[in-house]
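Mapping to our numbering: the sequence shown position 298 is 292, numbers consecutive. Cβ coordinates follow ideal geometry from the N, Cα and C atoms, glycine included.
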Amino acid sequence: MNTELSFSTSYGKLRIPVYRVYASPLLGIAPIPESTFVRRENILFAYEIDVDVLGENFLPAYTEGDNSNVVATDSMKNFVLRQALDFTGSTIEEFLDVLGRSFLQTYVQMERLRLSGRELSFEQVTVPEQGVGIFVDSHVLFSRSHSDYAVAMLSFERNEAGTAVLTDHHCGNVDMELFKVTGSAFSRFVRDEYTTLQERVDRPLFIYLDVYWKYSDPQVLLSADHSYYVPAEQVHDLLCVVFHEFVSESIQHLVHEMGNRLLARFPQLTEVSFEAQNRTRDQIVVSKTDEKVKVYSDPFSAYGVIRLTVSRKV
-5 MNTELSFSTS
5 YGKLRIPVYR
15 VYASPLLGIA
25 PIPESTFVRR
35 ENILFAYEID
45 VDVLGENFLP
55 AYTEGDNSNV
65 VATDSMKNFV
75 LRQALDFTGS
85 TIEEFLDVLG
95 RSFLQTYVQM
105 ERLRLSGREL
115 SFEQVTVPEQ
125 GVGIFVDSHV
135 LFSRSHSDYA
145 VAMLSFERNE
155 AGTAVLTDHH
165 CGNVDMELFK
175 VTGSAFSRFV
185 RDEYTTLQER
195 VDRPLFIYLD
205 VYWKYSDPQV
215 LLSADHSYYV
225 PAEQVHDLLC
235 VVFHEFVSES
245 IQHLVHEMGN
255 RLLARFPQLT
265 EVSFEAQNRT
275 RDQIVVSKTD
285 EKVKVYSDPF
295 SAYGVIRLTV
305 SRKV
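Below you can see the structure in the form of structure tokens.
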């Protein structure tokens, strides 16, 4: 092996689909004024899992074709699925925590590990309750929802005693698509010979939005009583309330308000970050008899992107 070169390697198994039925329900969630969410039944606990192994133990597989320290990614997939059967927790973060510690306990070949989960969203179907005349949520039938979804990432490494230690984490809710028909503005921006955009004191605003958050103490995230757990559903609802109420001068203005409201509502969080895309549609025609009635269509394919991280001062 050429000693003048350095290497950074990782390998793993991506997008392992897990459909666990009748997992433990998520209870003990503290209510917030912006959301009705306080529990999740977890009749269907469905996620995609990524396993990413990092370290130098398996470098000879690259440099010499020596696989003696390589755990087959097919074995990783089977390990995840078997662990899902025995899982007694209620959240994706708890599941990733169990996986990370179990992987490092089982495979001495693994030095560091990064595990990610993406929610596969399903909604309970509403059905009539026989003989009652009301509609209720089915406890056996679910409809796949391709809307926004929760994500999480946990990283682990071994300490000097060989015990798995949580080294990093983040949680999130991604692929939100929100269209506000009035109550947003964009004006007083730089104008020069390249400017064709008109100032708008009241415009429709269509955004794609991803939000991520971190806890001050990761152990709060994994606490079995869930009293300080921040569910993605509550984050989603709070952001929608802010968008509904707040008259923003720009997307930057909007996500700043969202970040402040999230940190104020959830003191257990130390950081929130956003990536927002401006997907506002172009106005095509306005009604001659009622100016609030308008038609919009897709704009030019390029779009603006806005990023913000809001952290508590240490």
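> Cα separation between TYR5 and ASP60?
Replying inline: 15 angstroms
> Terminal residues of the continuous alpha helix (DSSP H) containing SER137?
Replying inline: SER137 -> not in any alpha helix (DSSP H); beta strand (DSSP E) instead, spanning 129 to 138.
>> Which of the three DSSP states is assigned to LYS7 in this structure?
In response: strand
>> Can you look up GLN271 in the DSSP assignment and give me helix, strand or coil?
In response: strand
> Taking the DSSP output, what are the residues bridged to ASP204?
Replying inline: GLU269
>> Across the segment 87 to 95 and the segment 154 to 165, are there enough close Cβ pairs to call them in contact, namely three or more that are closer than 8 angstroms?
In response: Yes: at least three Cβ pairs fall under 8 angstroms.
>> Check whether the segment 293 to 304 and the segment 229 to 236 touch, using three or more Cβ-Cβ pairs below 8 angstroms as the test.
In response: Inter-segment contact for the segment 293 to 304 and the segment 229 to 236 is absent: fewer than three beta-carbon pairs are separated by less than 8 angstroms.
> Counting only runs that start and end within the segment 183 to 249, where is the alpha helix (DSSP H) found for 4 or more residues in a row?
Replying inline: Within the segment 183 to 249, the complete alpha helix (DSSP H) segments at least 4 residues long are 212 to 215 and 226 to 239, listed from N- to C-terminus.
> Quick one: what does DSSP say ARG306 is sitting in, helix, strand or coil?
Replying inline: coil
>> Just to confirm the assignment, what range does the alpha helix (DSSP H) spanning TYR56 have?
In response: 53 to 57
> Out of curiosity, what's the CA-to-CA distance linking SER217 and ALA146?
Replying inline: So the alpha carbons of these two residues sit roughly 16 angstroms apart.
>> Mapping the DSSP letters down to three states, classify LYS71 as helix, strand or coil.
In response: helix
> Do you know whose CA, among ALA55, GLU50, THR85 and SER281, lies nearest ARG33's CA?
Replying inline: THR85
> Span of the beta strand (DSSP E) holding ASP91?
Replying inline: Run containing ASP91: none in the beta strand (DSSP E); it sits in the alpha helix (DSSP H), 86 to 100.
> What are the boundary residues of the beta strand (DSSP E) that includes PHE39?
Replying inline: 38 to 48
> Quick one: what does DSSP say ASN254 is sitting in, helix, strand or coil?
Replying inline: helix
>> Per the DSSP calculation, PRO122 is bridged to which residue(s)?
In response: PHE129
> Mind checking whether TYR202 and GLN271 have CB atoms under 7 angstroms apart?
Replying inline: Yes. Within cutoff.
> For PHE173, is the classification buried or exposed, using 16 other Cβ atoms within 10 angstroms of its Cβ as the cut-off for buried?
Replying inline: Of the other Cβ atoms in all chains shown, fewer than 16 fall within 10 Å of the Cβ of PHE173; this residue is therefore exposed.
> In chain order, what residues of the same chain have a beta carbon less than 6 angstroms from the beta carbon of SER178, not counting five sequence neighbours either side?
Replying inline: ARG197, LEU199 and SER242
> Between which two residues does the beta strand (DSSP E) containing ALA146 stretch?
Replying inline: 143 to 152
>> For ARG108 and MET252, what's the separation of their Cα atoms in angstroms?
In response: 29 angstroms
> How would you call HIS220, buried or exposed, if buried means at least 16 neighbouring beta carbons within 10 angstroms?
Replying inline: buried
> How big is the Cα-Cα spacing for ASP204 and PRO122?
Replying inline: Distance between the alpha carbons of ASP204 and PRO122: 35 angstroms.
>> Using only CA atoms, which one of ASN153, GLU88, VAL15 and ASN51 lies nearest to LEU79?
In response: Nearest in C-alpha terms to LEU79, of all of ASN153, GLU88, VAL15 and ASN51, is VAL15.
> So what's LEU79 in DSSP terms, helix, strand or just coil?
Replying inline: helix
>> For the beta strand (DSSP E) containing MET170, name the first residue and the last one.
In response: 158 to 180
> Whose CA, out of GLU(-2), ILE10, ALA40 and SER210, lies closest to the CA of SER18?
Replying inline: ALA40
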